[in-house]
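Notes follow the structure.
In the working numbering, the protein residues as written are 10 to 306.
Right under this line is the structure:
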């Protein structure tokens, strides 16, 4: 497939040290979906959610770096918006309390709402269930010049139904294949697909859920479904392992973000996002030559 190197080019960073650090937190080398998994299949057990690989060593330094990154991302988003050769889809996936909302607030704290749009995905409606599982997703992908951030995503359809047994193993395989085809189509038509799994530990989730229950201002976020899903932690972990292994492709790679530390989570996502945006060779459009020399009186 000769087009594959071009699809992967946006993720081939010029900063080799950063590229190596980033690669350490991906689920193995990217490969085409029909290629066999080399050696053992990927497992999240090999990723420590408490690590801080992108930290500068001190909280104050990390916060200063995060503030600087937010400013840089704002400038790059402005250029991205006027360049209009690309669209950017940022997927934030993770268990309850992993910090998807907090990541959006921090990473995009300085950007204009005109060019960055967040979409929070809930359980599909009756009308959405009457279509294929990607029908509703396709309607919300970004247009040229826009950045769209998915809080949860199409990957819910290879998580919840798998854990609850509402689709067959064959349907599971089909959905994974459909997702790869869908993301490839997006990539080939100008969409950069950047996927982050916010990876927290079992004990960290317990503490965050308890804080939600104990805080009247946050209790609205809590649902009994959170307890049910927590009891299915091992089942969800297996489903995540499967999708990470199956859908880490040259055109839409996954990044596992150790997220027990909220500040580190934000710092890592922002660092990778800035690097990918810088890698696009963004430019301002050529001005109208007829405007040269005009003086506004």
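The beta carbon of each residue, even a glycine, is placed where N, CA and C say it ideally should be. These numbers were taken from a predicted model, which means no experiment stands behind them.
Distance, residue 295 Cα to residue 303 Cα: 16 angstroms
For the beta strand (DSSP E) containing residue 160, name the first residue and the last one. 156-160
From this set, 221, 179, 86, which residue's C-alpha is nearest residue 235's C-alpha? 221
Residue 308 and residue 119 look like a contact to me (Cβ under 8 angstroms); what is the Cβ gap, rounded to whole Å? There is simply no residue 308 to check, as the chain begins at 10 and stops at 306 in what is shown.
Less than 8 angstroms between the beta carbons of residue 202 and residue 263, yes or no? no
Measuring only the C-alpha atoms, how far is residue 1 from residue 138? No answer is possible for residue 1: the residues shown for the chain start at 10 and end at 306.
At what residues does the alpha helix (DSSP H) containing residue 8 begin and finish? In this structure the chain extends from 10 to 306, so residue 8 is not present and cannot be described.
Quick check: residue 153 and residue 96, are their CB atoms within less than 8 angstroms of each other? yes
How would you call residue 136, buried or exposed, if buried means at least 16 neighbouring beta carbons within 10 angstroms? exposed
Residue 178 classed as buried or exposed, judged by whether at least 16 other C-beta atoms fall within 10 angstroms: exposed
Collapsed DSSP secondary structure at residue 9 in the structure displayed: The shown model of the chain, from 10 to 306, leaves out residue 9, and the question about it has no answer.
Measure the C-alpha to C-alpha separation of residue 68 and residue 27 and round it to an integer number of angstroms. 20 angstroms
Beta-carbon separation of residue 160 and residue 109 under 8 angstroms? yes
Helix, strand or coil at residue 44 according to DSSP, with G and I counted as helix: coil
Specify, as a first and last residue, the run of the beta strand (DSSP E) that residue 129 falls within. 125-129
Find the nearest neighbour of residue 25 within the set 301, 246, 284, judged by alpha-carbon distance. 284
Same chain only: Cβ atoms within 8 angstroms of residue 307, ignoring 5 sequence neighbours per side: What the structure shows of the chain is the stretch from 10 to 306, and residue 307 is not part of that stretch, so it cannot be assessed.
Have a look at residue 167 and residue 184 and give me their C-alpha separation to the nearest angstrom. 7 angstroms
Return the chain-ordered ranges of every alpha helix (DSSP H) run that is complete within the stretch 243-293 and spans a minimum of 4 residues. 271-287
Whole angstroms is fine: what's the gap from residue 197's alpha carbon to residue 85's? 22 angstroms
Local Cβ density within 10 Å of residue 282, reported as buried at 16 or more and exposed below that: buried
Could you confirm whether any beta carbon from chain C is found closer than 8 angstroms to the beta carbon of residue 41? Absent from the structure is chain C; it holds one protein chain and no more.
Do residue 42 and residue 258 count as a contact pair if the criterion is CB distance below 8 angstroms? yes
Distance between beta carbons of residue 71 and residue 64, contact taken as under 8 angstroms: 5 angstroms
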